[in-house]
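2 protein chains.
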Amino acid sequence: MPTKSSPHPSTRARPLPAARRERASDVRTAGAPAAVTFRPIHTRRAFEEICARIREQLALGVLKPGDKLPAERDLAQQLGVSRNVLREALRSLEMAGVLRLQKGVKGGAFVQAGDTSRMNVVMRDMLSLGTISVRELSEARVHVLELGVRLACANARQSDIEALEANVERTDLATREGRLLDRVECAREFYKLLAEASGNKVIAMIMDSVTEIHMRFVYAKVASSGVAMAGLVERRRKFLAALRERDVSAATRLMRGHLGAVQRMLEQDPGAMSLQVALAEMQPGMRP
Amino acid sequence: MPTKSSPHPSTRARPLPAARRERASDVRTAGAPAAVTFRPIHTRRAFEEICARIREQLALGVLKPGDKLPAERDLAQQLGVSRNVLREALRSLEMAGVLRLQKGVKGGAFVQAGDTSRMNVVMRDMLSLGTISVRELSEARVHVLELGVRLACANARQSDIEALEANVERTDLATREGRLLDRVECAREFYKLLAEASGNKVIAMIMDSVTEIHMRFVYAKVASSGVAMAGLVERRRKFLAALRERDVSAATRLMRGHLGAVQRMLEQDPGAMSLQVALAEMQPGMRP
DNA sequence: AATTATTAAATGGATCACCCATTCAATGGA
DNA sequence: TCCATTGAATGGGTGATCCATTTAATAATT
């Protein structure tokens, strides 16, 4: 007998793994060697199961943004798992932007309103891991923004256009005062507002995800070289005029021209910046 | 004195939290009340710090797909954190598709090649949380696929087209043999192949993410009603002919028409299916 | 009575010390 | 040569314990 009070009887309650293989108990006949198809699945672990269950409750609408999950100690007991493994699941969901964990009495795990910036994280990871290339991302950006411009011409509300105009004014001010980095921040906001003007949050999310990293590069380029696009504000004004007139072809043409010019600026003297460094600095929520 | 051997001296080594507030130690002057700007940051927790550091190593190229991280016990010691909290971080990164954890000797945490399907998960979460609507997703899908078709016409290689033709043959066979659900699977594969034919992995990833959930609906619809699109194979053949001829306008027109027809099929008798159920069943890797 | 400290409880954050199951290389015998 | 056994490394998981933060209830003070 061990010295401790044998805290791990193998027969302890563990309801979770019992429900693992709902999908695996399929048509497989008695003696047949499972034909050609092998299930590529790895044994499902407790924390995956927990994540899946919570996501299921979200999908079913049982859990909605603002709702609070039971306290860790209670929920762990309900699920028949240790608090540690429950936390692994909760943390994963927090990283995924689904939950927010808050300390203190009246704290707990709260369901969050969907954070559209999670897609940016995915895009960043794909770039870090070399699954996609900068070239592909830039090319995709041109196409996605062109689509965004078309939709904005069709759907932009008056308030969207006014927000864009206000942004261009800020850009103008930053330009005249020589605040180059603020100007980059304005540009970032410009694309964000343009995405909203598309009138479709899915498209907006996609536009943001292909723009965020790009703006990082621009920021790094401007910060290191001190140079910046000439005539930016004028081009923005022209573009906004086309948008206001719902002139798709003019707006598209102007946007395409601008993106090309930015691209050329980025590509000259490429040694001055590094994908690696720009990506590595992008970890937290970037600058506010 | 507590009964145990006081295992938690407050002075224990904990190097991580010491480096927390790199950003907070900013220009704040002595007596001034921090002006207007409040840092919106919540105190960074150990597991976030660990995730950020590993992602940083990925971004810098120090860690590449296939690389193995130190064993949990070693890495925890290196970072000065407990094994549990390290695991919270590793699990989060595994959920994000960045790592794969493997048991056994010679096991460990391996950096994965980027998993483009992570974007699908984000899209699903956004839908579950009500951040985006089915209507927005459907609309976005039409636009994104139109873009995909344009790119496929421009970039599809011979092998892409052949893969699509083989897919249509399988679809034809499934249709003639009355295997409706297999036919849906073929359709899923069709869009996957079309995405690849676009020649841009970013665009392909986006196309997949807006298509996956949609195909779930189609699957549920077909499974519950037993009806399916008439003339699907013929339309696919026409589309492929246009793609082969690089006829953008014809291909676009055919795709748009098809998407509209599918949409009408889905919308008739809407009571037969439920967003909630379709989403909830989508948890694992879907059917192989 | 109003205000301000104080206290106590609930909760997430983190640690430690285990134990189990799996995997695979090394070992050794048939 | 081949196959079974063994054992160490590793991730998977548990439970007990303590810390830090937050909030509400309570007590003390003005």
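Line by line, the protein sequences give chains S and B.
Each residue of the first sequence is one higher than the last, beginning at 75 in the numbering used here.
Each residue of the second sequence is one higher than the last, beginning at 75 in the numbering used here.
For glycine and all other residues, C-beta sits at the position ideal for the given N, C-alpha and C.
Check: Given that a residue counts as buried once 16 or more other Cβ atoms are within 10 Å of its Cβ, and exposed if not, what is Gly181/B?
Finding: exposed
Notebook entry, point to check: Given Glu251/B, which residues of its chain have a CB within under 8 Å of its CB, disregarding the five upstream and five downstream residues?
Noted result: none
Next item on the list: Assign Arg165/B to one of three DSSP states: helix, strand, or coil.
Entry: helix
Notebook entry, point to check: Looking at Ala170/S and Ile353/B, is the spacing between their C-beta atoms short of 7 Å?
Noted result: Reading off the sequence shown, one finds Leu at residue 353/B, where the question assumed Ile. Not closer than 7 Å, so no.
Next item on the list: Run down chain B in chain order and give the residues with a C-beta less than 7 Å from the C-beta of Ala58/S.
Entry: Given that chain S is displayed from residue 75 to residue 362, the structure contains no residue 58/S and the question cannot be resolved.
Check: In chain S, which residues lie with their C-beta within 8 Å of the C-beta of Asp199/B?
Finding: Arg129, Leu132, Ala170, Gly171, Val172, Gly188 and Arg192
Margin query: Residues in the same chain with beta-carbon distance under 6 Å from Val292/S, minus the five sequence neighbours each way, listed in chain order, please.
Written below: Taken in chain order, the residues that qualify are Val258.
Notebook entry, point to check: Would DSSP call Gln176/S helix, strand or coil?
Noted result: strand
Margin query: Quick check on His288/S - is its C-beta less than 7 Å from some C-beta in chain B?
Written below: Taking Cβ atoms only, chain B never reaches closer than 7 Å to His288/S, which makes this a no.
Note to self: Using a Cβ-Cβ cutoff of 7 Å, what residues of the stretch 320 to 351 of chain B are near chain S? List them in chain order.
What the structure shows: Answer set for the stretch 320 to 351 of chain B: Gln350.
Notebook entry, point to check: For Ala170/B, which three-state DSSP category applies?
Noted result: In the structure shown, Ala170/B sits in coil (DSSP, three-state: anything other than H, G, I, E or B).
Note to self: Suppose contacts are defined by Cβ-Cβ distances below 7 Å. Is Ile206/S in contact with Val276/B by that definition?
What the structure shows: yes
Next item on the list: Leaving aside the five residues before and after Ala183/B along the sequence, list all residues of the same chain whose C-beta is less than 6 Å from its C-beta, in chain order.
Entry: Leu143, Leu164, Leu173 and Leu175
Item checked: Cut-off 7 Å between Cβ atoms - residues of its own chain near Ala237/B, not counting five sequence neighbours on either side -> Leu267
Check: Rounded C-beta distance between Ala294/S and Ala226/S? I'm assuming under 8 Å.
Finding: Not quite, the Cβ-Cβ distance comes to about 28 Å (not below 8 Å), so this is no contact.
Item checked: Met289/B versus Glu355/B - alpha carbon distance -> Rounded to the nearest angstrom, the gap between the Cα atoms of Met289/B and Glu355/B is 13 Å.
Next item on the list: Taking Asp282/B and Asn194/B to be in contact with their CB atoms under 8 Å, please state how far apart those CB atoms are, rounded to whole angstroms.
Entry: 6 Å
Margin query: Quick check: is the beta carbon of Leu353/S nearer than 7 Å to any beta carbon in chain B?
Written below: yes
Note to self: Just checking: is the beta-carbon of Ile280/B within a distance shorter than 7 Å of some beta-carbon in chain S?
What the structure shows: yes
Notebook entry, point to check: Given a limit of 8 Å on CB to CB distance, which residues of the stretch 134 to 161 of chain S reach chain B?
Noted result: Leu134, Gly135, Lys138, Pro139, Asn158 and Arg161
Notebook entry, point to check: List, in order along the chain, the chain S residues whose C-beta lies closer than 7 Å to that of Val196/B?
Noted result: Arg192, Met193 and Val196
Notebook entry, point to check: For Val185/S, which beta-bridge partners are listed by DSSP?
Noted result: Answer by DSSP bridge pairing, in chain order: Leu173/S.
Note to self: Let me make sure I understand the geometry here. Which of Gly222/S, Arg147/S, Leu254/S and Asn241/S has the alpha-carbon closest to that of Arg327/S?
What the structure shows: Gly222/S
Notebook entry, point to check: Do Glu263/S and Asn241/S have their CB atoms nearer than 7 Å?
Noted result: yes
Item checked: Residue environment, Gly188/B, which counts as buried when at least 16 other CB atoms sit within 10 Å -> buried
Next item on the list: Measuring alpha carbon to alpha carbon, tell me which of Glu308/S, Asp246/S and Arg224/S ends up nearest Ala324/S.
Entry: Cα-wise, what sits closest to Ala324/S is Arg224/S.
Notebook entry, point to check: With burial defined as no fewer than 16 other Cβ atoms inside 10 Å of the residue's Cβ, what is the status of Glu162/S: buried or exposed?
Noted result: Buried.
Next item on the list: Provide the residue span of the alpha helix (DSSP H) that contains Glu270/S, from first to last.
Entry: Leu254 to Ala271
Notebook entry, point to check: Which partner residues of Lys142/S appear in the DSSP bridge assignment?
Noted result: Phe184/S
Notebook entry, point to check: Would you say Thr285/S and Tyr265/S are within 7 Å of each other, going by their C-beta atoms?
Noted result: yes
Next item on the list: Taking Ile206/B as the query, report the chain S residues whose CB atoms sit under 9 Å from its CB, ordered along the chain.
Entry: Gly188, Thr190, Asn274, Lys275, Val276 and Met279
Notebook entry, point to check: If you check the beta carbons only, do Leu160/B and Leu149/B fall under 7 Å apart?
Noted result: yes
Margin query: Since Leu333/S and Ala230/S should fall inside the 8 Å C-beta cutoff, what is the C-beta to C-beta distance between them, to a whole number of angstroms?
Written below: Wrong, their Cβ atoms sit about 19 Å apart, outside the cutoff.
Margin query: Between the alpha carbons of Met279/B and Val322/B, how many angstroms are there, rounded?
Written below: Their backbone Cα atoms lie some 21 Å apart in a straight line.
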